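In the numbering used here, the protein residues as written are 1 to 157. This report concerns only the one structure given below.
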């Protein structure tokens with residue numbers, strides 16, 4: 001189980017996101033007040049704090065949560081193991097993974113000092129249950145197979 005490290009938003013698509021500490025996720029919409037909310041199925045972007053820390057170490061940069069345009073920065077959740085259909089219970093809200101990263105060639109213009117990790121290491125979700133989320137909230141992974149009554153994935157069993 002992990003934790004929310006940051007809740008990030010920006011009012012305009014071209015502006016960097018800043019950590020607000022908390023926010024309201026709206027079902028079928030996204031993070032209230034964020035420029036990317038309401039735009040199709042990918043309503044909320046999620047990136048691991050560990051990915052940001054690794055990018056800082058590898059590239060010698062000083063990125064912080066929000067630097068890579070993610071809405072939620074989480075800690076202690078292996079986002080790279082997620083599959084489409086898995087869910088994340090985040091605070092009072094519930095998200096469903098709809099896309100893992102971005103396919104090559106799909107537009108992603110935002111980077112931090114030339115480094116872009118959200119297309120490779122981020123996940124994109126739709127909000128299926130809205131609610132307040134904030135720094136320190138628990139993040140619980142619910143595998144699609146477990147929801148359907150199947151055995152847990154091998155790496156978790």
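Virtual Cβ for every residue (Gly too), placed ideally from N, Cα, C. From a predicted model like this one, the values you see are computed outputs, not experimental measurements.
Sequence-distant residues of its chain with Cβ nearer than 7 Å to residue i (five each side left out)
| i | result |
| --- | --- |
| residue 141 | 77, 86 and 88 |
| residue 100 | 82, 84 and 123 |
| residue 5 | 49, 65, 73, 74, 75 and 135 |
| residue 131 | 25, 91, 92 and 93 |
| residue 14 | none |
| residue 27 | 127, 128, 129 and 130 |
| residue 21 | 7, 134 and 135 |
| residue 155 | Legend: pLDDT at residue 155 = 38, less than 50; position of this residue unreliable, no value from coordinates given. |
Endpoints, alpha helix (DSSP H) assigned at residue i
| i | result |
| --- | --- |
| residue 117 | Segment: none, residue 117 is in no alpha helix (DSSP H) and carries neither H nor E. |
| residue 53 | 49 to 59 |
Selected residue, minimal CA-CA separation from residue i, among the options
| i | options | result |
| --- | --- | --- |
| residue 92 | 59, 129, 101 and 57 | 129 |
| residue 32 | 138, 84 and 72 | 72 |
| residue 19 | 133, 38 and 138 | 133 |
| residue 58 | 7, 3, 117 and 137 | 117 |
| residue 143 | 121, 137 and 79 | 79 |
Own chain partners of residue i with C-beta closer than 6 Å, once the 5 adjacent residues on each side are dropped
| i | result |
| --- | --- |
| residue 10 | 17 and 35 |
| residue 52 | 63 |
| residue 12 | 35 |
| residue 126 | 41, 43, 96 and 98 |
Residue interval of the beta strand (DSSP E) (run including residue i)
| i | result |
| --- | --- |
| residue 10 | Where residue 10 is concerned, there is no enclosing beta strand (DSSP E), given that its DSSP letter is neither H nor E. |
| residue 131 | 131 to 134 |
Beta-bridge partners of residue i, as assigned by DSSP
| i | result |
| --- | --- |
| residue 34 | Answer is none; residue 34 lacks a bridge partner. |
| residue 75 | 3 |
| residue 124 | 45 and 99 |
| residue 19 | 8 |
| residue 89 | 94 and 140 |
| residue 25 | 31 and 131 |
Nearest-angstrom Cβ-Cβ length linking residue i and residue j, presumed shorter than 8 Å
| i | j | result |
| --- | --- | --- |
| residue 46 | residue 25 | That pair is no contact at about 11 Å. |
| residue 90 | residue 1 | Actually they do not touch by this definition, with Cβ atoms about 11 Å apart. |
Contact set for residue i: own chain, Cβ-Cβ below 8 Å, skip 5 residues either direction
| i | result |
| --- | --- |
| residue 38 | 29 and 30 |
| residue 121 | 47, 48, 51, 79, 80 and 101 |
| residue 70 | 8, 17, 45, 46, 47, 118 and 122 |
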